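For reference, the structure discussed in these notes is given below.
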Amino acid sequence: MTDTFQKQSVSTDLAHRMIAAAEEKAHEIGVPMNIAVVDESGVLKAFSRMDGAALLSVQIAQDKAYTAVGFGMPSHGWYDFIKDDPPLAAGAPSGIDRLVIFGGGYPITIDGAMVGAIGVSGGHYSQDQQVAEAGLAVAAGA
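Read in the numbering used here, the sequence shown has 210 at position 46, and its numbers run on one by one without any break.
Right, here's the structure in full:
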């Protein structure tokens with residue numbers, strides 16, 4: 165048994181390429197977005213607040229990424245996870261700091277390892293998802 169272990173993490177280069185692809189998609193759909201990439205521990209790695217993106221969405225984008233990496237599932241997966249469980253539905257959103265239960269946050273997985281997450285906020289959550297998926301596609305090709 166060892167006392168340490170190695171972790172994989174998203175590189176700064178990949179984080180910036182993901183943000184660039186997400187920004188391109190946001191421009192395409194005409195909605196300015198806040199885009200966050202966090203490392204495997206949920207710590208902010210790269211961020212973009214596009215011109216005109218909503219101020220309140222700055223923290224939401226980061227929290228979507230944090231949610232995705234913290235639980236290893238997309239933020240929109242939480243709704244289905246808790247909707248039929250009244251105690252969990254009542255307690256999770258108010259009891260788990262930074263939990264977001266609507267779309268726009270996705271874990272980044274490379275070679276079977278979760279290396280970080282991307283979170284996007286600024287439009288309807290369905291638009292946030294489109295923009296996040298554009299960024300995620302860059303990681304899928306990495």
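For each residue, glycine too, the CB sits at the ideal point set by N, CA and C.
These numbers come from a predicted model, not from an experiment.
Between the alpha carbons of D227 and I183 lies a distance of about 16 Å. Annotated three-state conformation of K189 is helix, per DSSP. Distance between V279 and T231, taken at the CA atoms: about 14 Å. It is roughly 18 Å from the alpha-carbon of S173 to the alpha-carbon of I199.
S205 and D261 have their C-alpha atoms spaced approximately 15 Å apart. At a Cβ-Cβ threshold of 7 Å, G299 and I282 count as neighbours.
Residue pairing of G194 in beta bridges, as defined by DSSP: absent, with no partner found.
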